[in-house]
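*Asks:* In the numbering used here, the protein residues as written are 4 to 86.
Just so you know, even glycine gets a beta-carbon here, dropped at the ideal spot from N, CA and C.
Note that the structure is a prediction, hence the values are computed from the model and not measured.
The following block contains the structure, expressed as structure tokens.
As structure tokens, then:
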């Protein structure tokens, strides 16, 4: 399903159920774009363990930050499921 169509996501930190390459593939398979840096054009930043500066940059720019569980909900059901 194209639940991420038109969305740009940045992943930072380590996720439990996805590898770094794997998460980029999953985002692409669902119609989204995996970016390497946070900008005003970023829709969501997915934060895992030990996230680093990208999480702070997201907050600074007002980009919505998701944990791994919220990311899985987004993959399954799309942005409307996040409220």
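Reducing DSSP to helix, strand and coil, say where residue 46 ends up.
*Replies:* Residue 46 sits at position 43 when you count from the first residue of the chain shown. If DSSP states are grouped into helix, strand and coil, residue 46 belongs with coil.
*Asks:* From the DSSP secondary-structure annotation, give me the bridge partner or partners of residue 23.
*Replies:* On the chain shown, residue 23 is found 20 positions in, with the first residue counted as 1. Its beta-bridge partners do not exist; DSSP assigns none.
*Asks:* How would you label residue 31, buried or exposed, when you count the other beta carbons within 10 angstroms and need 16 or more for buried?
*Replies:* For the purposes of this step, residue 31 is taken as the residue at position 28 of the chain shown. It counts as exposed.
*Asks:* Is it buried or exposed, residue 25, if we count other Cβ atoms within 10 angstroms and call 16 or more buried?
*Replies:* Here the question's residue 25 lines up with position 22 in the chain shown. Flag for residue 25 reads exposed.
*Asks:* Let me see if you follow: with CB-CB separation under 9 Å, is residue 86 close to chain D or not?
*Replies:* The chain labelled as chain D is not found in the depicted structure, where only one protein chain is given.
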